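A.B. asks:
Numbering (this note's numbering), first residue to last: 3 to 265.
1) Kindly provide the ranges of any beta strand (DSSP E) runs that are 3 or more residues long and lie completely inside the region 183–227, ordered along the chain.
2) Please determine, among 199, 205 and 154, the residue with the shortest C-alpha to C-alpha distance to residue 179.
3) Compute the Euclidean distance between the alpha carbons of residue 7 and residue 236, then round it to the nearest angstrom.
4) By alpha-carbon positions, which one of 25, 60, 209 and 65 ends up nearest to residue 224?
5) Under the DSSP definition of a beta bridge, which residues are partnered with residue 145?
6) Extract the residue ranges of the alpha helix (DSSP H) inside the region 27–77, only unbroken runs of 4 or more that lie entirely within it.
7) Give the DSSP-derived three-state secondary structure of residue 117 in the structure shown.
8) Under a three-way DSSP split, which group does residue 91 fall into?
9) Could you tell me which of 177, 97 and 77 sits nearest to residue 27, measuring between CA atoms?
10) Are three or more beta carbon pairs between the region 4–22 and the region 79–93 nearer than 8 Å?
11) Looking at C-alpha atoms only, which residue of 260, 251 and 215 is the closest neighbour of residue 231?
12) Check whether the region 51–70 touches the region 117–124, taking contact to mean three or more Cβ pairs, one atom from each stretch, closer than 8 Å.
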């Protein structure tokens with residue numbers, strides 16, 4: 003009988019430096035991943051942490067990681083050819099069937115762009131699945147903008163709006179909170195629009211308020227939550243909110259469901 007808590011070792015085939023303090027690890031792994039899911043990443047004797055899958059293919063997954071603690075610090079010492087341990091994938095992912103044939107609005111804050119990257123790449127290759135797509139991505143500063151090459155590619159096909167809280171010399175784009183970029187939008191048919199929001203809690207709170215002002219119904223909005231996930235299986239209770247387990251029932255939730263939960 004397989005032990006669901008036992009990770010498997012996989013090889014790192016490439017490491018790409020991202021802005022600020024992020025690295026993207028490409029790992030040789032054939033896993034049944036869906037956009038929005040996460041894996042548990044570990045190193046023996048160091049620790050384990052849930053990490054969103056930022057991209058994937060038939061024989062690889064990518065993990066975009068920020069250096070914030072002991073485990074991520076140890077991961078940053080690894081090189082291509084080294085191994086790390088994974089278990090998963092876990093979680094439900096984004097409801098792509100619900101988006102089919104509709105206009106999709108994606109709003110992200112900071113590293114919240116990573117969990118939606120694979121979904122955006124999917125629609126870049128199959129734009130006929132949607133009526134249209136708008137991405138509003140907010141970052142603290144120009145130096146913090148993630149996936150610049152991908153943003154440029156997505157911008158050739160979709161409506162992409164990148165904004166930074168603090169601009170600077172040489173920054174040609176928007177300056178201001180991502181909620182302001184959302185406020186500028188017009189939705190001719192809100193009933194035919196679906197939205198995804200991923201980012202820090204405060205950013206998501208105010209973005210959801212802006213979406214309400216755009217007449218988007220809560221049942222047409224999804225958020226991805228990160229809350230002290232540990233086991234990934236809904237057993238330890240670290241991520242429990244009310245009667246749900248973020249790791250097992252989510253991490254993607256319909257707004258209509260989560261707004262009734264007392265945190």
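C-beta: ideal position from N, C-alpha, C; glycine also.
Here the structure is a predicted model, which is why all the values come from computation and not from measurement.
C.D. replies: Considering the structure as presented:
1) 195–200 and 223–226
2) 205
3) Rounded to whole angstroms, residue 7 to residue 236 spans 12 Å at the Cα level.
4) 209
5) Partner(s): none; residue 145 has no beta bridge.
6) 72–77
7) In the structure shown, residue 117 sits in a helix (DSSP, three-state: H, G or I).
8) strand
9) 77
10) yes
11) Minimum Cα distance to residue 231 is reached at 251.
12) Here the region 51–70 lies against the region 117–124, with 3 or more beta-carbon pairs under 8 Å apart.
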